[in-house]
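Chains as they are written, first to last, in the numbering used here: chain A, 1213 to 1547; chain B, 279 to 473.
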């Protein structure tokens, strides 16, 4: 079998399986197949490997580091890890477990995000319920919004600074014309030289949005027909998942960066819209208990204030009552 | 019918002394194949992942009570299977269009966890793919799973078509070396059961 392997350009077999061959290459392959009865068998083995890979297609891209981090954070949040400390076993494993938990809790108290380093030299920063700022190996900074993750190499390659984003992040990129800065998301890639911009690529959203603050950014759509748009300051690139369209618009929500700055500008906006934005940024559920109150209009600005301070302003402006119950905030009309 | 005996032996006594590191190892070894398994019953991957996550959380809570003499692997797959059935049942309560779940329903009941060989094979394939060098794996996945042509991959990654070609062949060669024995065993297994 080894001999047959050597008789053919192995790259030709690969080309054949991946559908890259042209007519004359197919002829060449056919001749090779007829030359030795072992050859078709060999091709079948490769084809079998090729085909069987299809069975794991849907999980091939699973990021085990990220999945483990999700599980870990869910266990911490629901107090499962404290339960573990109170366990009854007194094995060596238990004490190692205790130390691990203590170290993990310390880490979580320090950052709300969790770093995972793996064997391949990548690190992942994943945030939970508050944004985190991170300095990348090249000095660029990233602020990650809630429930987002960024996987990046500990050391960037010589030719490109590439990383993988899920969720939303604001990037301030160090200029380096020789080494483009590339962010891969599930649907589009974003390539920059030196600039600042926001990427919103939460999986559950119907669109990916890139808003440029300074500099220039290229956004490339994945898929059969790649398409690239160039964004300048004040531009927003929108990739719609439903029809895979990638377009430039100038309609930029004034509050697109509120998750990072905690600054808001509201101009004649309904209270329901205001409360939705606040609840995302402050990670608190806000309920408005009457329809007329939901529709009430408000014009105001807030600059990095606490949620309590903002609620005080709303309460005074709209004459409403603020109650807290089970971690929720309930706004109702005063009688 | 143990196709891959090494795996069964390794996982057996883990649970009696399930510290955090062993738990993480267990998670990394089984999560992808559990998600694939759950996807046979539930409609989307997010639900499948959620179910697999819940099974691990549950295992952690009950780690002192789980019977370590029975196979941990079959415990995991059985738990995922049960939770999928519960999910389908709960969905039916809320879903007015019951027919949507009928197909899933019959599939769930007819296809239990009796044939773990299939799941083991999937895990082997996943592990083999993960064992490829990072760049090599990235290139291979773009072609095999996202259907990109060599030239498109070259452009996307800013490398030459020749490099793509070399990496593709390298990937296939490594994958065949790692997988061929399992693939032939499975083929034999299927053939003997057909006769």
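Don't be surprised by glycine CBs; every beta carbon is placed ideally from N, CA and C. Quick caveat: nothing in here was measured; it's all calculated off a predicted structure.
Item: Neighbouring residues, chain B, relative to residue 1268 of chain A (Cβ below 8 Å); Value: 310, 314, 400, 403, 404 and 407
Item: For residue 323 of chain B and residue 355 of chain B, the rounded distance between their alpha carbons; Value: 16 Å
Item: 7 Å Cβ shell around residue 1409 of chain A - same chain, five flanking residues per side excluded; Value: 1383, 1422, 1423, 1424, 1425 and 1429
Item: Min CB distance residue 1414 of chain A to chain B below 7 Å; Value: no
Item: Residue environment, residue 401 of chain B, which counts as buried when at least 16 other CB atoms sit within 10 Å; Value: buried
Item: Coil, strand or helix - residue 1464 of chain A by DSSP; Value: coil
Item: Span of the beta strand (DSSP E) around residue 1335 of chain A; Value: 1334-1338
Item: Interface partners of residue 323 of chain B on chain A, CB under 7 Å; Value: 1270
Item: Closest residue to residue 1435 of chain A among A/1509, A/1458 and A/1227 (Cα-Cα distance); Value: A/1458
Item: C-beta atoms of residue 1400 of chain A and residue 1431 of chain A nearer than 7 Å; Value: yes
Item: Short Cβ contact (7 Å threshold) for residue 1482 of chain A with residue 1453 of chain A; Value: no
Item: Per DSSP, the bridge partner or partners of residue 1355 of chain A; Value: A/1345 and A/1382
Item: Neighbour flag for residue 391 of chain B against chain A, beta carbons, 7 Å; Value: Below a pLDDT of 50, predicted positions are generally treated as unreliable, and residue 391 of chain B, at 47, falls in that range; the measurement from the model is reported next regardless. No, residue 391 of chain B does not count as interfacial toward chain A.
Item: The region 417-440 of chain B: positions lying closer than 8 Å to chain A by Cβ; Value: 419, 421, 422, 423, 424, 425, 427, 428, 430, 433, 434 and 436
Item: Close beta carbons around residue 397 of chain B, own chain, < 6 Å, minus the five adjacent residues each side; Value: 311 and 315
Item: Nearest-angstrom Cα separation, counted from residue 1474 of chain A out to residue 1517 of chain A; Value: 7 Å
Item: Member of A/1285, A/1478 and A/1407 whose CA lies at the smallest distance from the CA of residue 1443 of chain A; Value: A/1407
Item: Residue from B/459, B/303 and B/433 whose Cα sits closest to the Cα of residue 406 of chain B; Value: B/459
Item: Own chain residues within Cβ distance below 6 Å of residue 1329 of chain A, not counting five before or after; Value: With a pLDDT of 43 at residue 1329 of chain A, under the threshold of 50, the modelled position of this residue cannot be trusted, and the question is left open.
Item: Spatial distance of residue 432 of chain B from residue 442 of chain B (CA atoms); Value: 6 Å
Item: Chain A within 7 Å of residue 447 of chain B, Cβ atoms only; Value: yes
Item: C-alpha gap between residue 313 of chain B and residue 299 of chain B, whole angstroms; Value: 21 Å
Item: Residue(s) in a DSSP beta bridge with residue 1440 of chain A; Value: A/1432
Item: Beta-bridge partners of residue 1364 of chain A, as assigned by DSSP; Value: A/1335
Item: Spatial distance of residue 410 of chain B from residue 1346 of chain A (CA atoms); Value: 29 Å
Item: Residue 1417 of chain A (DSSP reduced to helix, strand or coil); Value: coil
Item: Residues bridged to residue 1449 of chain A (per DSSP); Value: A/1422 and A/1460
Item: Segment contact flag, the region 1390-1400 of chain A with the region 1367-1380 of chain A, C-beta cutoff 8 Å, min 3 pairs; Value: yes
Item: Collapsed DSSP secondary structure at residue 1503 of chain A in the structure displayed; Value: helix
Item: With 16 other Cβ atoms within 10 Å as the buried cut-off, status of residue 1235 of chain A; Value: exposed
Item: Limits of the alpha helix (DSSP H) - the one that residue 1226 of chain A falls within; Value: 1222-1229
Item: Spatially closest choice to residue 329 of chain B from B/339, B/454 and B/363, by CA coordinates; Value: B/363
Item: Residue span of the alpha helix (DSSP H) that contains residue 330 of chain B, given as start and end; Value: 323-339
Item: Rounded straight-line distance, which links the Cα of residue 408 of chain B to that of residue 446 of chain B; Value: 15 Å
Item: Among B/429, B/455, B/434 and B/418, the one whose alpha carbon lies nearest that of residue 1266 of chain A; Value: B/418
Item: Nearest-angstrom Cα separation, counted from residue 1542 of chain A out to residue 1485 of chain A; Value: 15 Å
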